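Numbering (the UniProt record's numbering), first residue to last: 1 to 728.
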Amino acid sequence: MSGAVEKLKETIRAAPEAVKDLTANVKIKDLQSHIVDVTKSSVTMTSDYGAKLADTDHWLKVVNPNDPNGQGPALLEDQFGREKLHRFDHERIPERVVHARGVGAHGYFKLYKPIPEYSMAGMLNDINRITPMFVRMSTVQGSRGSADTVRDVRGFALKFYTKEGNWDIVGNNIPVFFIQDSIKFPDFVHAVKPEPHNEIPQAQTAHNNFWDFVYLHSEASHMVMWAMSDRAIPRSFRMMQGFGVNTFTLLNAQGQRHFVKFVWTPELGVHSLVWDEALKLGGQDPDFHRKDLYEAIEAGSYPKWKFGIQVIPEGQEHEFDFDILDSTKIWPEDLVPTQYIGEFVLNRNVDEFFTETEQVAFCTSHVVPGVGFSDDPLLQGRNFSYFDTQITRLGINWEELPINRPACPVMNFNRDGAMKHRIHKGKVNYWPNRFSAIPPTPVSEGGYSDYMQKVAGVKARLNGPKFKEHFNQARLFYNSLSPIEQIHVQRAFAFELDHCDEPIVYERMCQRLYDINPSLAATVSKMVGGPLEPPESPKPPTVPTKTTLLKAKALSQLEFPAETPTIATRKVAILLADGFDDTPVKNFKIAITAAGAIPMIIAPRRNNIIPRGGSSEGGITADHHLEGARSTMFDAVLIPPGPQSIANLRSHGRAIHWIREAFGHLKAIGALGSDAVRFLGEALGGDVIGKVQISSMDGKVVSSYGIVTKSVYSGDEEQEWWQKWKIA
Ligand code: HDE
1 MSGAVEKLKE TIRAAPEAVK DLTANVKIKD LQSHIVDVTK SSVTMTSDYG AKLADTDHWL
61 KVVNPNDPNG QGPALLEDQF GREKLHRFDH ERIPERVVHA RGVGAHGYFK LYKPIPEYSM
121 AGMLNDINRI TPMFVRMSTV QGSRGSADTV RDVRGFALKF YTKEGNWDIV GNNIPVFFIQ
181 DSIKFPDFVH AVKPEPHNEI PQAQTAHNNF WDFVYLHSEA SHMVMWAMSD RAIPRSFRMM
241 QGFGVNTFTL LNAQGQRHFV KFVWTPELGV HSLVWDEALK LGGQDPDFHR KDLYEAIEAG
301 SYPKWKFGIQ VIPEGQEHEF DFDILDSTKI WPEDLVPTQY IGEFVLNRNV DEFFTETEQV
361 AFCTSHVVPG VGFSDDPLLQ GRNFSYFDTQ ITRLGINWEE LPINRPACPV MNFNRDGAMK
421 HRIHKGKVNY WPNRFSAIPP TPVSEGGYSD YMQKVAGVKA RLNGPKFKEH FNQARLFYNS
481 LSPIEQIHVQ RAFAFELDHC DEPIVYERMC QRLYDINPSL AATVSKMVGG PLEPPESPKP
541 PTVPTKTTLL KAKALSQLEF PAETPTIATR KVAILLADGF DDTPVKNFKI AITAAGAIPM
601 IIAPRRNNII PRGGSSEGGI TADHHLEGAR STMFDAVLIP PGPQSIANLR SHGRAIHWIR
661 EAFGHLKAIG ALGSDAVRFL GEALGGDVIG KVQISSMDGK VVSSYGIVTK SVYSGDEEQE
721 WWQKWKIA
């Protein structure tokens, strides 16, 4: 277990009983029968067919015992050697065609507001139920080994093991999508993935094909605004919202149907990295997000999300300017408020990555009684695609795998296929049969009820007229951001288009930005060499609107601070060297641990850092040395007092770089004592005498030591931050 986990454990207050009580989780119990603990096994090594093995280090060969150099050929007859290689040769399965890189964890859902008026789903009506869950978070574009912190949409897939069957919500951390119709998905994914001729770039949208696609599909305009915002570089998987994106339906016991969108919001607030930090972390710690989630859960600091619904009664389907079945549109909260009805918590890491996180398979088509689909054309295609892809990845019997198996009874006459596990006893394998074996369940007793939807029309390859409007919500999103968030969007576009080397791509994309926001377009154009004036060509069609908002709630990340502002689980680096003052360091560690954060000592070397007045044997062990752990891996930095310690840091190039980089990434920086304060000023190139305090944009100081919260929207606007210096 890593040092961070141990330290985080020290800071965790007792978790609520319901969270700890894993025996309440029927799915975890179900998995137990499959778990073998290799380190506690009393069984010695066997072959796959159970024969005990005496030697798996040497292949069976012809050797000449009388000749010390005699090494003859290896024998094909070695069934154990062959078995070992066979098994190894076939270890890999195809990675997911998208969302290949991800991390999973177990948890549970608890309802606090039943919704019988909307849905008869048991999980959405029973407040005494604890519904087991498995959650997988992912990036989209990169392959399994790509870095965590790339600019990308994050997948956020939920599997509820309900008493009425598995219910999967296969969501993202952004509420809209690039395309409206699932038939476009292969084109979209081909365009976003590495280019076909050279397989470059990995896990990036910053290339010609992606932006060519976006220009040619103006429906992607809204989504790319989100993808260029801070949402696409989250600080942690624990600090992201999630959205079901598609429009689903809820069906109540009276047979009434409502349209619904699902949303979940993290208890810790929504926070992001800054771009430079994300880029560096990609190399310094490619597992940054995976590790962050694993360590938090391992330490007992369980991330939690509020689960909400946005509901539109069936009769109001056509009352909006946008088509509510169009996945490139949000339902603005100002028009359709989110009702939070429950929460989910992730409280258990997987025991084995492959059999759980890699083999878990989600299907949008897997819904339970009380939940249904809509005619959202993206959803309809997804309902086909997910099941289909699992057949390639895992085989037709993928639902028998332990992680995918429902935690309720499964019984039917689907049969056979590769890798079937369950043995069905009995003379019949069809329905109806002379034994009346395995009858369907009437709707009145819990059988799935299909909504009797009236449908009329002609067959045509068309979408509804409102699907043609592509820019209103792209504008709405940009207008709803704070100024600093807007700057980040400008810079993200400038970065991405700078990586496109074909003028037709970046010039046309700049033209497209004029359709969204002329000032954004002009700024980006100036940076990347696009047109400096709006194009004369006619604007793409827009549909007249009656409810169009200029700004909408809940789009800017600033609207999602943690419910109680907190530095819990954030990592604070204490930068010191030989000669540091021991007592303030101890006090600071106590204070910061009490606030739930993780203090970590960073010094020029790891072993035996000697405090002022200490002996050469009495030093402390640092958590990391300055080269090993970089400022990017921490949320805040403290420089404690001690004249010799400061002098040592002052002569250390990496220490100065640490402070400058932390400042550039808008980390909270504290300095204790006049030497440390002066050093901080010098490191940052300022002529500072006295006490220095750097505050976040909202000026929040959350501890008496001057540790400030990192602003959720922290811009990389260095100049701006220079002006924020207060010199006293
Ligand atoms: Fe997916 N998507 N998708 N997608 N998607 C897959 O299914 C697909 C879409 C999302 O952690 C694949 O099991 C189509 C929207 C997540 O295992 C595949 C369309 C949203 C994950 C697939 C979409 C998503 C996937 C690849 C357009 C947000 C990872 C592996 C019609 C709501 C799930 C797999 C996990 C994975 C198809 C669009 C989210 C190929 C055809 C919109 C989180 O079946």
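From the three backbone atoms N, C-alpha and C, an ideal C-beta is built for every residue, glycine too. Remember, predicted model here, so these are calculated numbers, not experimental data.
His99 CB to nearest heavy atom of the ligand HDE below 7 Å: The sequence position of residue 99 within the sequence shown is 99, counting from 1. For the ligand HDE, at least one heavy atom lies less than 7 Å from the Cβ of His99.
Arg151 beta carbon less than 8 Å from that of Met137: Numbered from its first residue, the sequence shown carries residue 137 at position 137. Numbered from its first residue, the sequence shown carries residue 151 at position 151. Their beta carbons are not under 8 Å apart, which means Met137 does not touch Arg151 by this criterion.
Where Leu532 sits in the DSSP three-state scheme: The residue labelled residue 532 in the question sits at position 532 within the sequence shown. Reduced to three states, the DSSP call for Leu532 is coil.
Residues bridged to Glu343 (per DSSP): Stepping through the sequence shown from its first residue, residue 343 is reached at position 343. Paired residue(s): Lys110, Lys306.
Enclosing beta strand (DSSP E) for Leu158 [first to last residue]: Taking the first residue of the sequence shown as position 1, residue 158 is located at position 158. Per DSSP, Leu158 belongs to the beta strand (DSSP E) from 154–162.
Closer than 7 Å: Asn173 CB and nearest the ligand HDE heavy atom: Taking the first residue of the sequence shown as position 1, residue 173 is located at position 173. Not so, every heavy atom of the ligand HDE lies at least 7 Å from the Cβ.
Identified DSSP bridge partners for Met600: Here residue 600 refers to the residue found at position 600 of the sequence shown. Partner(s): Ala573.
Buried or exposed (CB count within 10 angstroms, at least 16 for buried), residue 742: The structure shown does not extend to residue 742, since the chain spans only 1 to 728, so no value can be given for it.
Closest by C-alpha distance to Leu31, when choosing among Met133, Cys510, Ile504: Counted from its first residue, the sequence shown places residue 31 at position 31. When each option's Cα is compared against that of Leu31, the closest is Met133.
Residue environment, Ser442, which counts as buried when at least 16 other CB atoms sit within 10 Å: On the sequence shown, position 442 is the one that residue 442 refers to. It should be pointed out that residue 442 corresponds to Pro in this sequence rather than to Ser. Under this definition Pro442 is an exposed residue.
Spatial distance of Thr11 from Ala594 (CA atoms): What you label residue 11 is simply residue 11 of the sequence shown in a count that begins at 1. What you label residue 594 is simply residue 594 of the sequence shown in a count that begins at 1. One C-alpha to the other measures close to 6 Å.
Reduced DSSP secondary structure (H/G/I, E/B, other) of Met133: Residue 133 sits at position 133 when you count from the first residue of the sequence shown. Three-state DSSP puts Met133 in a strand.
Buried/exposed call for Asn383, threshold 16 Cβ in 10 Å: Locating residue 383 in the sequence shown gives position 383, where the first residue counts as 1. Classification for Asn383: buried.
Asn397 CB to nearest heavy atom of the ligand HDE below 7 Å: For the purposes of this step, residue 397 is identified with residue 397 of the sequence shown, where counting begins at 1. No, the beta carbon of Asn397 sits no closer than 7 Å to any heavy atom of the ligand HDE.
Contact test: Gln141 Cβ vs the ligand HDE heavy atom, cutoff 7 Å: Taking the first residue of the sequence shown as 1, we reach residue 141 at position 141. Not under cutoff, so the answer is no.
Inter-residue spacing [alpha-carbon to alpha-carbon] between Lys551 and Tyr118: As a first step, residue 551 is located in the sequence shown; it is residue number 551 there, counting from the start. As a first step, residue 118 is located in the sequence shown; it is residue number 118 there, counting from the start. Distance between the alpha carbons of Lys551 and Tyr118 is about 29 Å.
Exposure label - Ser631; buried when at least 16 CB within 10 Å: Here residue 631 corresponds to residue number 631 of the sequence shown, with the count starting at 1. Ser631 should be labelled buried.
Stretch-stretch touch, CB-based, cutoff 8 Å, three pairs: the stretch 524–538 with the stretch 492–500: yes
Inter-residue spacing [alpha-carbon to alpha-carbon] between Met223 and Trp275: The count along the sequence shown starts at 1 and reaches residue 223 at position 223. The count along the sequence shown starts at 1 and reaches residue 275 at position 275. Their backbone Cα atoms lie some 19 Å apart in a straight line.
For Gly269 and Pro561, the rounded distance between their alpha carbons: Stepping through the sequence shown from its first residue, residue 561 is reached at position 561. Stepping through the sequence shown from its first residue, residue 269 is reached at position 269. When rounded, the distance between both Cα atoms is 5 Å.
Element boundaries [alpha helix (DSSP H), containing Asp582]: On the sequence shown, position 582 is the one that residue 582 refers to. 582–594 is the extent of the alpha helix (DSSP H) around Asp582.
Member of Ala460, Ile423, Asn412, Asp450 whose CA lies at the smallest distance from the CA of Pro440: Locating residue 440 in the sequence shown gives position 440, where the first residue counts as 1. Ranking the options by Cα distance to Pro440, first place goes to Asn412.
Cβ-heavy atom distance, Gln390 to the ligand HDE, below 7 Å: Mapped onto the sequence shown, residue 390 falls at position 390. Checking the Cβ of Gln390 against the ligand HDE gives yes.
Spatial distance of Gly447 from Trp167 (CA atoms): The residue labelled residue 447 in the question sits at position 447 within the sequence shown. The residue labelled residue 167 in the question sits at position 167 within the sequence shown. So the two alpha carbons sit approximately 15 Å from each other.
Buried or exposed (CB count within 10 angstroms, at least 16 for buried), Lys61: Walking along the sequence shown from the start, residue 61 turns up at place 61. Counting Cβ neighbours within 10 Å, Lys61 comes out exposed, since fewer than 16 surround it.
Beta-carbon spacing of Thr338, Gly308 below 8 Å: For the purposes of this step, residue 338 is taken as the residue at position 338 of the sequence shown. For the purposes of this step, residue 308 is taken as the residue at position 308 of the sequence shown. In this structure, Gly308 lies closer than 8 Å to Thr338 by Cβ.
C-alpha distance - Phe88 paired with Glu199, whole-angstrom precision: Translated into positions along the sequence shown, residue 88 becomes position 88. Translated into positions along the sequence shown, residue 199 becomes position 199. Roughly 27 Å between the two C-alpha positions.
Same chain only: Cβ atoms within 6 Å of Thr162, ignoring 5 sequence neighbours per side: Your numbering for residue 162 matches position 162 in the sequence shown. Excluding residues within five positions, the ones whose Cβ falls inside 6 Å are Met123, Thr131, Val368.
Heavy atom of the ligand HDE within 7 Å of Ala456 beta-carbon: Indexing the sequence shown from 1 puts residue 456 at position 456. No; taking the cut-off as 7 Å, the Cβ of Ala456 has no heavy atom of the ligand HDE nearer than that.
Near the ligand HDE: Phe177 beta-carbon under 7 Å from a heavy atom: As a first step, residue 177 is located in the sequence shown; it is residue number 177 there, counting from the start. Phe177: yes, Cβ under 7 Å from the ligand HDE.
Per-residue burial, Trp431 [other beta carbons within 10 Å of its own, 16 or more giving buried]: In the sequence shown, residue 431 corresponds to position 431, counting from 1. Its Cβ having fewer than 16 others within 10 Å, Trp431 is exposed.
Delimiting residues of the alpha helix (DSSP H) encompassing Trp275: What you label residue 275 is simply residue 275 of the sequence shown in a count that begins at 1. Segment 275–284, the alpha helix (DSSP H) holding Trp275.
Residue closest to Ala157, alpha-carbon to alpha-carbon, out of Gly81, Met240, Phe178: For the purposes of this step, residue 157 is taken as the residue at position 157 of the sequence shown. The shortest C-alpha separation from Ala157 is found at Met240.
Contact belief for Gly107 with Phe344 at Cβ below 8 Å, rounded distance in angstroms: Counting from 1 along the sequence shown, the entry for residue 107 is found at position 107. Counting from 1 along the sequence shown, the entry for residue 344 is found at position 344. Right, the Cβ-Cβ distance comes to about 6 Å (below 8 Å), so this counts as a contact.
Beta-carbon gap between Arg393 and Pro94 smaller than 8 Å: Start at 1 with the first residue of the sequence shown, and residue 393 comes out as number 393. Start at 1 with the first residue of the sequence shown, and residue 94 comes out as number 94. Their beta carbons are under 8 Å apart, which means Arg393 touches Pro94 by this criterion.
Span of the beta strand (DSSP E), counted from its first residue to its last, around residue 744: Residue 744 is absent from the model: the chain starts at 1 and stops at 728.
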